[in-house]
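Data first, discussion second: the structure below is written as structure tokens.
In UniProt numbering, the protein residues as written are 1 to 128.
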């Protein structure tokens, strides 16, 4: 297992992982959204986790100009789950940004609670 910073060459493997998911991840993969997501990845703090030189997970974050790091996406391939890879990815972010709080925007609260994360707020969609 190896964790390293995201490289543009990792994107096809990330899209393949997303397409295998049953929930909202596949929305990023349709033709209209792939270019937007590629741009988002290029403007994010992102890491991948590899097993035998194969991308099997990734994390994408944003820096709020020194006020905190926000984890926006965290995905581990279903064939690699149960190995703490998501936790290792979060730890890599925390280790690289030791002097900043790290937050997560979540739609899978039980996972983050299991990792020992404390719920400190809620995200709302604004539709006015």
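A virtual CB, placed ideally from N, CA and C, is assigned to each residue, including glycine.
Excluding five sequence neighbours on each side, which residues of the same chain lie with their C-beta closer than 6 Å to the C-beta of residue i?
i, result
"residue 19", "26 and 29"
"residue 123", "105"
"residue 1", "51"
Relative to the C-alpha of residue i, which candidate in the options has its C-alpha closest?
i, options, result
"residue 15", "105, 43 and 75", "75"
"residue 3", "82, 39, 40 and 56", "56"
"residue 96", "11, 127 and 69", "69"
"residue 119", "23, 93 and 102", "102"
"residue 22", "77, 82, 114 and 128", "77"
"residue 82", "115, 62 and 61", "115"
Give every residue of the same chain whose Cβ lies closer than 8 Å to the Cβ of residue i, excluding the five residues on either side of it in the sequence, and list them in chain order.
i, result
"residue 58", "6, 10, 14, 17, 46, 47, 48, 49, 73, 74, 75 and 89"
"residue 34", "15 and 28"
"residue 54", "13"
Spatial neighbours of residue i within its chain, please: CB distance less than 7 Å, with the 5 preceding and 5 following residues excluded, ordered by chain position.
i, result
"residue 64", "70"
"residue 80", "51, 56 and 57"
With three or more beta-carbon pairs closer than 8 Å as the criterion, would you say the segment 38-58 touches the segment 81-100?
Counting C-beta pairs with one atom in each stretch, the segment 38-58 and the segment 81-100 have three or more that are closer than 8 Å, which means they touch.
Quick one: which unbroken beta strand (DSSP E) runs of 3-plus residues sit fully inside the UniProt domain "N-acetyltransferase" (1-128)? Chain order, please.
If we require 3 residues or more, the beta strand (DSSP E) runs fully inside the UniProt domain "N-acetyltransferase" (1-128) come out as 2-5, 45-51, 54-63, 69-76 and 102-104.
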